[in-house]
DNA sequence: GATTCTATTGAAATATTATTCCTTTAATTG
DNA sequence: CAATTAAAGGAATAATATTTCAATAGAATC
């Protein structure tokens, strides 16, 4: 990891607010504009910053329901896994997708308007591929959601 | 929802790439710079755009392991819920936190370096508050992760 | 149906911020 | 200690965001 303390500080600032100006970043981290800007460029180039995005208010856009879907399968070959990945990537409702250790094989987070929209999704999903066991868990409330990764922050 | 088609297009662009210039956005959606800029301002002001952030590469930063933690409790009063929220909000490792319907009461996604880092977190957590039942599910691989909400996209 | 009023648009002007260029400083090695 | 290299900072330039204002379109009233 070829990052020094200043780089980490820059990353911490940017993952909190990507619209901050180079000048302000430079003041926070204690180097002048040009070297600060070069560091920011480098962090993007090396892929530490993957992208800059706007986070939308899902509730306001009537997408208030997260459903966690646990999936079991009896197909454990690579080609099936690839097929499933392709299927899932075609669903914009699926915002997270993990291969799990333990009890079940995959976990999805599906973001929908309401229960009936989830049912629509569910029917599309089981039509798209063959799954052994699908369990749906509904979230009533999103209490915390952050895209900030926990950088080893020496909070004094 | 006081948004027209153009607003939705703007939101779709920004949640994909927040560093796009106003000029490019205006060309995509077919209005000129100034009204496009005013729409963007309005979307922030009304809270449709909550914030703009940089998404970091968690793997490169050695934070490759997501753990989903299911929590059950026998305390179902409001004050305990509030206490739990406060406790959780103090853990930067917890990147998502939901109150669930059904089997278990809460679900966390915890982002850590490795299993031993998770164990550290786990010990801190159970020391911080009293929980009836805690089940940890490890993700082996993050196959999909997006912050983009599924805007009713008529993908033709 | 003409006319006024209002709200929205877009082109141009201005201000801010990003980016480049070049000199200076600091650090490292022979 | 001089020579070389790498990184830093200041000043100039380019790009972009923001404001201003004149022009247009739409709605409402007479």
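Protein chains in written order, with UniProt numbering: chain A, 1 to 156; chain B, 1 to 156.
Idealized CB from N, CA, C, for every residue including glycine.
- Here residue 137 of chain A has 68 as same chain residues with Cβ atoms under 6 angstroms from its own Cβ, once five neighbours each way along the sequence are excluded.
- The Cβ atoms of residue 105 of chain A and residue 71 of chain A lie closer than 8 angstroms to each other.
- Under the Cβ criterion (8 angstroms, minimum of three pairs), the stretch 137–146 of chain B counts as touching the stretch 87–100 of chain A.
- Put simply, of A:114, A:130 and A:87 the residue whose alpha carbon is nearest the alpha carbon of residue 75 of chain A is A:130.
- Residue pairing by DSSP puts residue 137 of chain A in a beta bridge opposite A:68.
- Taking 8 angstroms as the CB threshold, residue 22 of chain A stays off the interface with chain B.
- When the five nearest sequence neighbours on each side are left out, the beta carbons in the same chain lying within less than 8 angstroms of the beta carbon of residue 113 of chain B are those of 62, 63, 64 and 65, in order along the chain.
- Chain B has a Cβ within less than 8 angstroms of the Cβ of residue 19 of chain A.
- With distances taken between CA atoms, residue 90 of chain A lies nearest to A:128 out of A:16, A:44, A:128 and A:21.
- C-alpha of residue 14 of chain A to C-alpha of residue 132 of chain A: approximately 42 angstroms in a straight line.
- DSSP lists A:70 and A:98 as the bridge partner or partners of residue 107 of chain A.
- The beta carbon of residue 37 of chain A sits closer than 6 angstroms to those of 22, all from its chain and outside the five residues before and after it, given in chain order.
- The secondary-structure analysis by DSSP pairs residue 49 of chain A across a beta bridge with B:56.
- Under the 10 Å beta carbon count, residue 52 of chain A is surrounded by 16 or more other beta carbons and is classified as buried.
- Here residue 54 of chain A is buried: its Cβ has 16 or more other Cβ atoms, across all protein chains shown, within 10 Å.
- For residue 112 of chain A, the three-state secondary structure derived from DSSP is strand.
- Residue environment: residue 88 of chain A is assigned as buried (16 or more neighbouring CB atoms within 10 Å of its CB, all protein chains considered).
- The straight-line gap separating the alpha-carbon atoms of residue 79 of chain B and residue 73 of chain B is approximately 13 angstroms.
- In the structure shown, the three-state DSSP call for residue 20 of chain B is coil.
- Neighbours of residue 149 of chain B in chain A, taken as residues whose beta carbon is under 8 angstroms from its own, are 56, 58, 61, 63, 95 and 111 in chain order.
- Distance from the CA atom of residue 16 of chain B to the CA atom of residue 8 of chain A, rounded to whole angstroms, is 24 angstroms.
- Contact annotation for residue 85 of chain A against chain B: 143 [CB-CB distance below 7 angstroms, chain order].
- According to the DSSP assignment, residue 78 of chain A belongs to the alpha helix (DSSP H) that extends over 78–89.
- The beta-bridge partner set that DSSP reports for residue 144 of chain A consists of B:97.
- Among the residues of chain A, those whose CB is under 9 angstroms from the CB of residue 16 of chain B are 51, 53 and 54, following chain order.
- For the 8 angstroms CB-CB criterion, residue 151 of chain A and residue 43 of chain A do not form a contact.
- Rounded to the nearest angstrom, the gap between the Cα atoms of residue 30 of chain A and residue 57 of chain A is 34 angstroms.
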